[in-house]
Amino acid sequence: MSDIFIGPDRATDAERSAVDAVVNAASGPAVVIHSERLIESGQARRSERRHLLLPALHALQHAAGWISPGGINHVADVLQVPPAEAFGVAGFYDMFSTEQPDEVGGVLHICVDAACQISGAAEAIEAAKAAGRRVHTSPCLGQCEAPVGQFLQGLNSPDRVPSMDESSPLPLPQLGDGVSELKLLRRVGVVDPISFASYVAAGGYSALARAFELGAEAVVDEVATSGLMGRGGAAFPTGIKWRGVAGESGQKHVVVNADESEPGTFKDRVLIEYDPFSVIEAATIAGFAVGASKGWIYIRGEYPVATARLVSAIEQARENGFLSDGANEASRFPSSFTFDLEVRRGAGAYICGEETALFNSLEGFRGEPRQKPPFPTTHGLFSQPTVINNPETLVNVLDIVTEGGDAYAAIGTDGSNGTKLFCVSGNVSNPGVVEVPFGATLGDVLAIAGGVEGELATVLLGGAAGSFVGPDSLDMPLTFEATRAAGASLGSGVVMAFNTEVEMGPVVTRIAEFFRNESCGQCVPCRVGTTRQHELLTISGSGSSRSGSPDGKAKLQLLDDMDRAMKDASICGLGHTASTAVRSAIDLGLVEL
Amino acid sequence: MFGAGGGTVSYNEIHETDLVVLWGSNAREAHPIFFHHLMKGLDNGAKMFCVDPRRTSSARFADSWLGLNVGTDIALANAVGNHIIANDLQNTDFIAHSTSGFEAYAASVRQYTPEHVAEISGVPASAIIELAETYASAEKAQILWTLGITEHHNGVDNVLSLCNLALLTGHIGRWGSGLVPLRGQNNVQGGGDMGALPNKLPGFADITDPEARARFSATWGVDVPPNPGIHLTLMFEAMAAGTMKAIYCIGENPADSEADVAHARAALENTELLVVQDIFMTKTAELADVVLPASVAWAESDGTVTSSERRVQRVRAAVPPPGEARHDYEIFADLANRMGVDWGNPTPEELWDELRSLSPLHKGMSWERLETEGGLQWPCPSIDHPGSPFLHGWLWADDLGGRDPAPFSVVEHAGPHEQLTDEFPIRLTTGRSLDSYNTGVQSGSIESPIRYGDALDVNPADATDLGVVDGEVVKVSSPRGSVEMAVRIQPDIPSGLAFTTFHFPELVDVNMITSDAWDKRSGTAEFKAAAIRVDKLSNDQSSSQLSNQPEKVVS
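If you're matching them up, the sequences are chains A and B in order.
The opening residue of the first sequence carries number 1 in the numbering used here; numbering runs sequentially from there.
The opening residue of the second sequence carries number 594 in the numbering used here; numbering runs sequentially from there.
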């Protein structure tokens, strides 16, 4: 809380009305002038509205193509956020430009991360620039199955994904193969994603009905029994998380973490684009189980199609009484239960996939992770008890509720229950999302995706925060326990294959650059460490340091020292994992220092 | 009304209160350190009403700002009381047990309905009702005020009207609830506690009480005169009349700070002897026959200060006073010696121990305890007493211990002494800004990026009517005189009202125009309500004077 001084820059009419539309659609401005003698404002109104900052900045960027000083001032005035703080938030995100662009029109984001990098990203960027487009080189856009990923951030026109304008084939290698028994993906490509009726006809909302029959406590018990573990990378037992929140009192939240930004990951996008109701239903079950009345879906800003379908699905669910804030007369919920969902778009920041960074982002602050503990189960969104799960994790709950935790636990291995989605990309014949029961090997998964094109050199497992494994790992079961034993991790389910034709040096360097760009800068070891790691991979020859260029051994020592510092002293997973892929590439001999 | 004068609460009680009513105070700028305590309360969920003619920077932190007409505080407070009683929201048990005079009070506020007072005060009735209901229903609530309440010709009545509300609801004498007059300096409270009042001896002993006088006379070895002195405003009248011939002025700059300052300067010049003891060569010192340079309380002096929460704290010298400057107590002792009384060379601790022997409020506060316990809040009557975070807890005791119950006061709306006229149609009120302190003696030599100098804040609509633009220098006149100053157009000030600070008297002699009306009981002048007119200067006289930093400040 602070005094607010607004500078002389004024918003244009277009900027003003864009921001006002966002704020008025919610709870209105923070200052209400009733008359010359009665004005309402204050801390409560101010803090209640702070979470509108991110949507308001989106509105500014969309209306003007950048976040102008006048626009910032208007947002600051309407929400009573200090302009410097609003600027600090705007500057945090990739999708917001705080400098006036030279070019006019929307921004064409072109992905330069691994799968796209090896498929001609550089040429695509050159071509777009030559055509006079306003180009933004982007980290992974979650379109790895159809490189080169592109995303058009509209200026006064809707955001879109150019490749999805035509009817593109579904990125599901297993669809209709007559062999695979799909669970999480069973409705993908089968139901009409924008039809509530179609979802219900395919068995939708039977899990919620079952949950209401079981009662909240029993649902939490079933989830605990199932042994379901989070699919975002940390593999935390979902039942423990839910039980923790269920035991808290007061206002609680369910947050769906659809800020899928790990390079090589696109499974949640596919789930939401083709089966949005399943995510909504599962989030509703979570709300019922833990006693949360408020749900939020924080989705990547670069996912316009998924966002539009999600918003449409939420509206339909509400119309049909399957979301209700208590005032919905069509509500089909038990009288004691209310739950409604709100969609919030991220704005281009990998770190916001970290749960506490996501909370800060959603609350209208810079997306910097918080110190833990306290954990989200007690101090989550708005410092209130919060269940936060990613879409894949949540969709598992539907089967757990209908078939029981024991039945679910019977699938998979002893240490990893259920089925798992893998995002297979790179040099494979048929890239896409693959679902297998835990226990399938890396080779199995690659085979489902049509097998490797050419001779396999390496697989990036788990994404940029994961590690490279060699062809000798094809027999490794893709389970939490087996990958851990091998010193790797499943991460978010990335399986990116590289054949021997690929020059790996630039791929590894790009991973280092990715972490350098995406470190939020809050922890010094990570801010400095990711930068130095990238420099070690890019700077060569003499004169790069006072004592001349360090030799390979010294560089490796430096890399390991920094890795240890980041692991010891960063507060979130970004710093902890920023070196693993690079280090594994060196170990495998894919690159030399 | 409650005896000794001091805030009834501790600062940290506001962290835990449920409702803050900031009335006639721009604490954000005038009491910035205390305001941080207040903000903690807001962060913890307290609601806040701000009652002020201006939408000050403090008011921006309030859930509701009630912009009343200058001088209508009593009407508004009585309307709050009216609504509480009319809706039976008062604390009946507390009133019956701990107060007196309720019936008369209730009868007196009957005519002050919210609708009626809306017309007097300009505050919508709905807002008055909301304030009344919120205050009455809050578990813990504090009313805080400063000079917006006291700097009126009926300032004492203003205070009493707020005290009535606390009695009505029982928001007094309990942790988190209370009445808080914020002090303007770190040691204004200490000055009063030490007897720098015309009718009090140290520890608020009444000078007309023979028993108290006997105690002080015994310790001091002289007979303490039985007659109350006179307060500042009367002193100036006496100086002007020639009946007060000598003035010893210590740490005060009345030649800049008095209302109707031309009158004040003439009065000072009318004395036969003016001695000024101060840390800088002030305007008053320039008029003096003798100037005694004194050390600065902070960093150069040993001793104690007492804050608004009655907390006595030690201060210590870090550096010796520069040049010929000496500690106040050394100057006094020397002066006594020259007058033929041997005061010796007392140390601050010895002086303090003498006070403890005379003031029961301070008796338990040994030098050592002040050091080790980080200060103590009076009353602290014995060495094993922990000090008193809040006052008047006795009101809640089953047995009032022989004390009289706290009396309600019947106070009526009067409005400002100086009425608006066709000749002087604009209401002027004055106040302080964050970057400056009073006449600038202590703050003028420090640069500030937010300083704009003294300017006349006017509403945009009024500026249009007057035909003046932002920064234009205009002539501002009251029945007492005129000054030239720049206009600052402020959307937040209601139309018909003008405001200025008074920090740069050498640039803009604001107190040339402020009102000479004053409250006979408190001796405080009505700085807050003058009637003025604003005239454009002819074109060649007018030039923009408004700048970030005044070129010349008092030093």
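Built from N, CA and C at the ideal position, the CB exists for glycine as well.
Proximity test, Cβ basis, 8 Å: residue i and chain A
| i | result |
| --- | --- |
| B/Asp656 | yes |
| B/Pro818 | no |
| B/Gly763 | no |
| B/Val613 | no |
| B/Arg962 | no |
| B/Gly1008 | no |
| B/Asn618 | Per the sequence shown, residue 618 of chain B should be read as Ser rather than Asn. Taking Cβ atoms only, chain A never reaches closer than 8 Å to B/Ser618, which makes this a no. |
| B/Gly835 | no |
Contact under 8 Å by Cβ, residue i with residue j
| i | j | result |
| --- | --- | --- |
| A/Asp444 | A/Val436 | yes |
| B/Gly766 | B/Trp989 | yes |
| B/Ala1118 | B/Thr826 | yes |
| A/Gly346 | A/Gly301 | yes |
| A/Phe196 | A/Phe87 | no |
| B/Thr692 | B/Phe1095 | no |
| A/Gln117 | A/Val507 | yes |
| B/Asp1109 | B/Ala700 | no |
| A/Gly353 | A/Asn360 | no |
Closest Cα partner of residue i within the set the options
| i | options | result |
| --- | --- | --- |
| B/Ala731 | B/Leu1049, B/Val613, B/Gln704 | B/Val613 |
| A/Val161 | A/Ala90, A/Ile67, A/Cys111 | A/Cys111 |
| A/Leu185 | A/Leu574, A/Val469, A/Thr393 | A/Thr393 |
| B/Pro1009 | B/Ala672, B/Thr1107, B/Thr864, B/Leu861 | B/Thr1107 |
| B/Ala910 | B/Gly617, B/Glu893, B/Met932, B/Asp921 | B/Glu893 |
| B/Leu984 | B/Leu790, B/Pro1084, B/Cys973 | B/Cys973 |
| B/Asp895 | B/Arg903, B/Leu880, B/Pro914, B/Arg904 | B/Pro914 |
| A/Ser97 | A/Ser119, A/Asp113, A/Gly450, A/Gly71 | A/Gly71 |
| B/Ser1029 | B/Pro625, B/Ala689, B/Tyr604 | B/Pro625 |
Residue i (DSSP reduced to helix, strand or coil)
| i | result |
| --- | --- |
| B/Cys756 | helix |
| B/Thr610 | coil |
| B/Cys842 | strand |
| A/Thr594 | Residue 594 of chain A lies beyond the stretch modelled for chain A, which goes from 1 to 593, so this question has no answer here. |
| A/Phe498 | strand |
| A/Ala410 | coil |
| B/Gly771 | strand |
| A/Leu323 | coil |
| B/Asp1128 | strand |
| A/Tyr199 | helix |
| A/Pro147 | coil |
| A/Thr377 | coil |
Beta-carbon proximity list for residue i, same chain, < 8 Å, skipping 5 on both sides
| i | result |
| --- | --- |
| B/Ala759 | Ile736, Ile765, Ser770, Gly771, Leu772 |
| A/Gly7 | Pro69, Asn73, Pro83 |
| A/Val104 | Gly65, Arg134, Leu155 |
| B/Asn609 | First, the residue type needs correcting, since residue 609 of chain B is Glu and not Asn in the sequence shown. Only Gly634, Asn637, Lys733, Trp768, Gly769 meet the Cβ criterion. |
Chain B within 8 Å of residue i, Cβ atoms only
| i | result |
| --- | --- |
| A/Glu501 | no |
| A/Arg37 | yes |
| A/Gly7 | no |
| A/Glu40 | yes |
Residues of its chain near residue i, where Cβ-Cβ distance is below 6 Å and the 5 sequence neighbours each way are ignored
| i | result |
| --- | --- |
| A/Gly543 | Caution is warranted here: a pLDDT of 38 is assigned to A/Gly543, below 50, making its placement in the model unreliable, and the coordinate value is therefore given only provisionally. Answer for A/Gly543: no residue qualifies. |
| B/Gly596 | Residue placement at B/Gly596 is flagged as unreliable, the pLDDT there being 49, under the threshold of 50; the coordinate-derived value follows with that caveat. Excluding sequence neighbours, B/Gly596 sits near nothing in its chain. |
| B/Ile713 | Thr665, Ala668 |
Cβ-based neighbour list, residue i, same chain, cut-off 7 Å, excluding 5 preceding and 5 following
| i | result |
| --- | --- |
| A/Ala14 | Ala63, Ala64 |
| A/Pro101 | Gly65, Trp66, Arg134 |
| B/Leu631 | Ile607, Val613, Ala620 |
| A/Pro29 | Val23, Val78 |
| A/Phe5 | none |
| A/Phe382 | Glu363 |
| A/Thr441 | Leu474, Asp475, Met476, Pro477, Leu478 |
Interface partners of residue i on chain C, CB under 7 Å
| i | result |
| --- | --- |
| B/Leu669 | Among the protein chains in the structure shown, which are A and B, there is no chain C. |
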